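In our numbering, the protein residues as written are -8 to 342. A virtual CB, placed ideally from N, CA and C, is assigned to each residue, including glycine. Please read all numbers here as calculations on a predicted model, not as lab measurements. Quick notes on the structure that follows.
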C-alpha cells in the first residue's frame, strides 16, 4: 500500500513538473494568442528601411527609399469600437506628423486640424515653396478651425470630387475587420503547424522563429485563399461607386496572378532568398512585451536587396478619446471656404 501511495505521489509530482514546463513554440503561440484576445491595448510600432535596392518595378516599394521610416502609437478599444493613432513618418529626410481618430463602427476617420498648425518648417518642405505659402495663407485665414476635426471622407469628397456612400463605407469597415480577424487566425494556425525545433529560446525571455521563402510562399497561399473565399476581396474593392465589380475582379485576379508568379520565381531561383525573422519577448508575467520582425531579401549574388525592420511594443493602455461631436467637425461651408482661400492663393502665385 505504501509503495502504491509512493508511486502515486511520484507520478503526481512528475505530472505537476511536466505541466509546468512549456516549449518555446507553445510560449510563442500562446503569448500571441493571449494578446490578440485583449479588447483594449496600446502599441508602439516602428518600421525602418535599412536597405532597399532594385525594387523600382515593384508597386509596393517603388515610392520608398533606404532610410525611410514610420513610427506610430496606436490605441485600440474593441469595446467602444474606436482607434487612435499618433503617426510620425520620415520620407526623403523630411518628417511628417499627424494624428487620426477612427470610429470602427462606421469607418469614419477624423484628423485634428491642429495637426496642420503644428507642422514644423522642416515638414512643410514636402509641399514645396508655393505649397508652403498656400498652406500658411489658408491656416492664417481659417483659425476658427484650429480646435476642430477634419472628416477624412468629407474632405476627400470635396477635394477629389467623388461621392462616398456612408452605408458602403460602413460595410467596407466591417469587411476589413472580418478579414483582419480571419487573416490573423490563418497566421496563428500556420505557426501552430510548424515544428517545435523551428522555435529557438534566446537569452532572457526571447523566442525566435525564422520563416524561409517556402514557408512564406505557403503562408501567402493560405492568406490569398481567405481573401478569395466568397469573393471577399472583390466585395471589398467594389464597395461604393469608385470601382465596378468587373474592374474589382480584374484587379484581384491580376494581384493573385502576380503574387503567385513572384513567389514561384523566388522559390525556383537558386541563391535568391527571402526570410522573415520573428523575435518575441515576454515580460516577467509571461505576457507579450514586444515583437521584432525583420524581413531580409538577398539576391543570387548574395547582395542584400531588402532589409526591413519592424518593432511592435506593448505599452500600458491609453484611453481612446471620444469621437468629436458634430459641432467640432469642420462642416461643408467651412471646408469650402478653406479650399477657396487655397485656390485664390494658388491663382495669385501662378499669374
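Would you check if the region 133 to 150 and the region 185 to 199 touch, i.e. whether three or more CB-CB distances between them fall below 8 Å? Contact fails: fewer than three Cβ-Cβ distances are below 8 Å.
Determine the DSSP secondary structure at residue 305, reduced to helix, strand or coil. Position 314 of the chain shown, counted from the start, is the residue given in the question as residue 305. Look at residue 305 here: in three-state DSSP terms it is strand.
Does the separation of the CB atoms of residue 239 and residue 225 fall below 7 Å? Against the chain shown, residue 239 aligns to sequence position 248. Against the chain shown, residue 225 aligns to sequence position 234. Cβ atoms of residue 239 and residue 225: closer than 7 Å.
Where do the ends of the beta strand (DSSP E) carrying residue 81 lie? Within the chain shown, residue 81 is the residue found at index 90, counting from 1. That run of the beta strand (DSSP E) goes 73 to 82.
For residue 206, the three-state DSSP class (helix, strand or coil): Here residue 206 corresponds to residue number 215 of the chain shown, with the count starting at 1. Of the three classes helix, strand and coil, the one that applies to residue 206 here is helix, per DSSP.
Please classify residue 158 as buried or exposed, where buried requires at least 16 other C-beta atoms within 10 Å of its C-beta. For this step, residue 158 is matched to residue 167 along the chain shown. Residue 158 should be labelled exposed.
Can you tell which of 281, 182, 56 and 37 has the C-alpha that lies nearest to the C-alpha of residue 43? For the purposes of this step, residue 43 is taken as residue 52 along the chain shown, with counting starting at 1. Restricting attention to 281, 182, 56 and 37, the CA atom closest to the CA of residue 43 is found in 56.
Would you please verify whether the beta carbon of residue 146 is less than 7 Å from any beta carbon of chain D? Considering every chain present, this structure includes no chain D. It has just one protein chain.
Close beta carbons around residue 136, own chain, < 8 Å, minus the five adjacent residues each side: Your numbering for residue 136 matches position 145 in the chain shown. Annotation for residue 136: 104, 321, 325 and 329 place their beta carbon closer than 8 Å to its own, counting only its chain and skipping 5 residues before and after.
Does residue 274 pass the burial test, meaning 16 or more other C-beta atoms within 10 Å, or should it be called exposed? Position 283 of the chain shown, counted from the start, is the residue given in the question as residue 274. Flag for residue 274 reads exposed.
Taking 7 Å as the limit between beta carbons, can you name the residues of its chain near residue 87, skipping five residues before and five after? Along the chain shown, one-based indexing puts residue 87 at 96. Closer than 7 Å at the Cβ level, and outside the excluded window around residue 87, lie 80, 114 and 117.
Residue 191, DSSP secondary structure in three states: Taking the first residue of the chain shown as 1, we reach residue 191 at position 200. Strand at residue 191.
Starting from residue 15, trace the alpha helix (DSSP H) in both directions and tell me its first and last residue. To locate residue 15, count along the chain shown from 1; it is residue 24. Following the DSSP letters along the chain, one finds residue 15 inside the alpha helix (DSSP H) bounded by residues 15 to 27.
Cutoff 7 Å; reference residue 307; Cβ partners in own chain excluding five residues on either side: Here residue 307 corresponds to residue number 316 of the chain shown, with the count starting at 1. 33, listed in sequence order.
Give me the Cα-Cα distance between residue 335 and residue 227, rounded to the nearest whole angstrom. On the chain shown, position 344 is the one that residue 335 refers to. On the chain shown, position 236 is the one that residue 227 refers to. Going by the C-alpha atoms only, they are around 38 Å apart.
Is any heavy atom of the ligand MG found at a distance shorter than 6 Å from the C-beta of residue 138? The ligand MG is absent from the structure shown, which contains no ligands of any kind.
In terms of residues, what are the limits of the beta strand (DSSP E) holding residue 286? As a working mapping, residue 286 is identified with position 295 in the chain shown. Per DSSP, residue 286 belongs to the beta strand (DSSP E) from 279 to 289.
Assuming contact is defined by CB atoms lying nearer than 7 Å, are residue 112 and residue 82 in contact in what I supplied? Here residue 112 refers to the residue found at position 121 of the chain shown. Here residue 82 refers to the residue found at position 91 of the chain shown. No, they are not a contact pair.
If you reduce the DSSP assignment to three classes, tell me which class residue 174 lands in. By 1-based counting over the chain shown, the position of residue 174 is 183. If DSSP states are grouped into helix, strand and coil, residue 174 belongs with the helices.
Evaluate contact between the region 117 to 126 and the region 308 to 315, counting only Cβ atoms and requiring at least three cross-stretch pairs below 8 Å. Short answer: they don't touch.
So, are the CB atoms of residue 348 and residue 217 less than 7 Å apart? Limits of the chain in this structure are -8 at one end and 342 at the other, which puts residue 348 out of reach.
Under a Cβ-count criterion, where at least 16 other Cβ atoms within 10 Å of its own Cβ denotes burial, should residue 277 be classed as buried or exposed? Counting from one through the chain shown, the residue named residue 277 turns up at place 286. Counting the other Cβ atoms within 10 Å of the Cβ of residue 277 gives fewer than 16, which makes it exposed.
Can you say whether residue -2 is buried or exposed, counting buried as having 16 or more other CB atoms within 10 angstroms of its CB? The residue you call residue -2 lines up with position 7 of the chain shown. Low per-residue confidence applies at residue -2: pLDDT is 41, beneath 50, and the placement is therefore not dependable, though the value from the model is reported in the following sentence. When all chains shown are included, residue -2 counts as exposed.
Just confirm the distance between the C-beta atoms of residue 304 and residue 281, as a whole number of angstroms; I'd bet it's less than 8 Å. Position 313 of the chain shown, counted from the start, is the residue given in the question as residue 304. Position 290 of the chain shown, counted from the start, is the residue given in the question as residue 281. Distance from residue 304 to residue 281 at the Cβ level is roughly 4 Å; contact confirmed, criterion being Cβ atoms closer than 8 Å.
Determine which residues share a DSSP beta bridge with residue 39 and list them. Taking the first residue of the chain shown as 1, we reach residue 39 at position 48. According to DSSP, residue 39 bridges with 60 and 300.
Taking DSSP's pairing of strands, which residues face residue 197 in a bridge? If you number the chain shown from 1, residue 197 lands on position 206. Bridge partners of residue 197 according to DSSP: 272.
Of the listed residues 284, 13 and 174, nearest to residue 37 (C-alpha basis): Counting from one through the chain shown, the residue named residue 37 turns up at place 46. When each option's Cα is compared against that of residue 37, the closest is 284.
Residue from 95, 64 and 261 whose Cα sits closest to the Cα of residue 289: For this step, residue 289 is matched to residue 298 along the chain shown. The option with the nearest alpha carbon to residue 289 is 261.
State the CB to CB distance for the pair residue 211 and residue 254, rounded to an integer number of angstroms; the pair is presumed to be in contact (CB under 8 Å). Against the chain shown, residue 211 aligns to sequence position 220. Against the chain shown, residue 254 aligns to sequence position 263. Contact holds; Cβ gap of about 6 Å.
If you run the structure through DSSP and keep just helix, strand and coil, what is residue 111? Within the chain shown, the letter at position 120 stands for residue 111. Of the three classes helix, strand and coil, the one that applies to residue 111 here is coil, per DSSP.
Whole-angstrom Cβ separation of residue 23 and residue 279, contact assumed at under 8 Å? The sequence position of residue 23 within the chain shown is 32, counting from 1. The sequence position of residue 279 within the chain shown is 288, counting from 1. The Cβ separation is near 7 Å, so the contact holds.
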